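> Protein chains in written order, with the numbering used here: chain Y, 749 to 932; chain A, 110 to 255. In this text, a Cβ means the ideal position worked out from N, Cα and C, and glycines have one as well. The structure presented is a predicted model; accordingly, all values stated were derived computationally and were not measured. Handing you this structure, nothing more for now.
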Amino acid sequence: MKRKISVLFIAFLVSGTMFRQNFVTKTGHIKFYSDTPIETIEANNHAVNSALNPKTGDFVFKILIKSFEFEKALMQEHFNENYMESDKYPNAMFKGKVVNAGDIDFGLAGTNDAIIKGDLTIHGVTKAVEENGTFTVKDGKIHGQSVFSVLLEDYKIKVPGAVKKQISESIEVTVDVMLEEVKP
Amino acid sequence: MKKWMKIIGALFLVGILAVLYVWFFVYNKPHRDYEKADPDHILAAEELFLKYRQDKALADSLYTGMVVQISGEIDKVESPDSSLIAVFVFDQGMFGDEGVRCILLPNQHTKLKSFSPRDKITLKGYCTGYNDTDVILEKSSIVIEQ
């Protein structure tokens, strides 16, 4: 599965060479947030690779699971070892399209609503998703933002009974990427 | 005081101490201090990059999740938001420069600013893997070689 994900990502990069204009970042931010009456848990990853081709709407992001940081060391350990099994599944990624890219003028300053559709791979499980987001164009950069939920069950992430009440079954995911044009 | 009362009192005290131990040293144990940690592997920055490029699965098994110390000539320093990233560049791709990216601990920022491109530097950090463009070292610190 790891090889399949890498091949998919590389295929996207190769297809990307055909693009005339790509906007990318290597310092995007993704946040996982779980809220239950017992505990609020937040994890942040500030080393997210992401690319957007404004012409075709192709959009991708890829993250290293071990780059997620938690407030508590124990939570980070459990996240990597027990839930995400990051030794076995070191990456998560999204590969898809901005469905309404044709309606967005990425050369014009302003905020645009976007519908993003594609495949989200977490914990070695790939699922088709469709989410809403925004792309804000300012000073030649494109700021992409989206907030959506993922069900742990959908990605076969098992939480032991002892801590089940501490972790929400639905995790809120926030994607925040400031994309800059790559000059050839 | 009766004997059974002493036993209950002692058990109660042991229980309290156990709860305090779990609270402070298990549930709220501090994050590992990567600045003080001994490196699990020491190699050149380019060698680390090439190992991931050549066989990602093998490199993951060796370096991902480990404290890795690398040396090389620094190519640039990036400062997105409040972070500081030392970058070693070994290739070009769709995302621009590709190589090893070391995200510095906040207390290392001043030290890193004294380095210029092409300066030799040794850094160590927690390797979180290779994302098909770069090897990432989080919580990095500058190693002053004696």
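1) Would you mind stating whether Val-177 of chain A and Val-186 of chain A have Cβ atoms separated by less than 9 Å?
2) Identify whether Asn-216 of chain A lies in helix, strand or coil by the three-state DSSP scheme.
3) At what residues does the beta strand (DSSP E) containing Gln-201 of chain A begin and finish?
4) So, are the CB atoms of Ile-778 of chain Y and Asn-240 of chain A less than 9 Å apart?
5) Is Met-110 of chain A helix, strand or coil when you go by DSSP?
6) Should Leu-868 of chain Y be labelled buried (16 or more other beta-carbon atoms within 10 Å of its own) or exposed?
7) Who are Ile-245 of chain A's beta bridge partners in DSSP?
8) Closer than 8 Å, Cβ to Cβ, to anything on chain Y: give me those residues from the segment 175 to 209 of chain A, in chain order.
9) Verify whether the separation of the beta carbon atoms of Ala-795 of chain Y and Glu-247 of chain A is less than 9 Å.
10) Which ranges would you report for the beta strand (DSSP E) in the segment 824 to 912 of chain Y if only whole runs of at least 3 residues count?
11) Apart from the five residues just before and just after Val-895 of chain Y, which ones in its own chain have a Cβ nearer than 6 Å to its Cβ?
12) Do Ile-183 of chain A and Arg-210 of chain A have their C-beta atoms within less than 9 Å of each other?
13) Are Glu-929 of chain Y and Lys-889 of chain Y closer than 9 Å when you measure CB to CB?
14) Flag this pair as touching only if the segment 844 to 851 of chain Y and the segment 796 to 810 of chain Y have three or more C-beta atom pairs under 8 Å; answer yes or no.
15) Going straight from the alpha carbon of Ile-870 of chain Y to that of Ala-840 of chain Y, what length do you get?
16) Under 9 Å, Cβ to Cβ, is there at least one residue of chain A near Val-772 of chain Y?
Quick look at the numbers:
1) no
2) In the displayed model, Asn-216 of chain A falls within a helix according to three-state DSSP.
3) For Gln-201 of chain A, the enclosing beta strand (DSSP E) stretches over residues 194 to 202.
4) No, the pair does not count as a contact, with Cβ atoms beyond the cut-off.
5) coil
6) buried
7) A:Arg-210 and A:Gly-238
8) The residues in question are Glu-187, Pro-189, Asp-190, Ser-192, Ile-194, Gly-202, Met-203, Phe-204 and Gly-205.
9) yes
10) Runs found: 839 to 846, 858 to 870, 873 to 886 and 889 to 899.
11) Thr-922
12) Not a contact, by the Cβ cut-off of 9 Å.
13) yes
14) yes
15) As the crow flies, the alpha-carbon of Ile-870 of chain Y is around 5 Å from that of Ala-840 of chain Y.
16) yes
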